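For the sequence shown, the residue numbers in numbering that gives the first Met the number 0 are 0 to 119. Ideal placement from N, C-alpha and C gives every residue a C-beta, glycine not left out. Given the structure is predicted, the values throughout are model-derived calculations rather than measurements.
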Amino acid sequence: MTAPPEGERPAYKDHPLWNRAIALTRDAYSLADVIRARDVTTAMTLRRAAVSIPAHVAGALTATGRRREEQALAARGALAEVARQARRDDSDQARRLESAAADLDARVLFDFTSEAGTFS
């Protein structure tokens with residue numbers, strides 16, 4: 000992958016999956032801020048998993064072959080961790096985050112999987 004010319008936005012930042020990943024990360028950080036006072040570990044784990052999602056989505060969008068598969072799988076793993084941490088909180092905000100993580104996971108799976116069930 001070559002870097003875009005200086006001052007130019009990378010193409011992956013215009014992709015709907017990356018934008019959804021960024022939005023989900025913001026939502027996860029918001030939930031982490033709410034729960035930090037009562038559960039520091041969950042808040043920290045939630046942030047750590049969430050921040051890796053856009054990075055892995057960007058990696059999958061810009062890579063090919065095995066590296067693309069690895070990045071997509073890593074994004075899905077981080078999404079699963081965000082959903083798991085969200086389930087630890089019993090709030091509407093947490094349930095919305097869990098649902099958004101599941102939706103994005105399905106989209107990542109669909110977009111990076113060929114019809115034959117293997118990564119493209």
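Item: Is it right to say R37 is buried, meaning 16 or more other beta carbons lie within 10 angstroms of its own, or is it exposed?; Value: exposed
Item: Could you tell me if S51 is buried or exposed, where buried requires 16 or more neighbouring beta carbons within 10 angstroms of its beta carbon?; Value: buried
Item: As a quick exercise: from R94, A82, A93 and A62, pick the residue whose alpha carbon is nearest that of D137.; Value: An answer regarding residue 137 cannot be provided, because it is not within the stretch 0 to 119 covered by the chain.
Item: By a C-beta neighbour count over all protein chains shown, 10 Å radius and 16 as the cutoff for buried, is G58 buried or exposed?; Value: buried
Item: Per DSSP, what kind of secondary structure is T112 in: helix, strand or coil?; Value: strand
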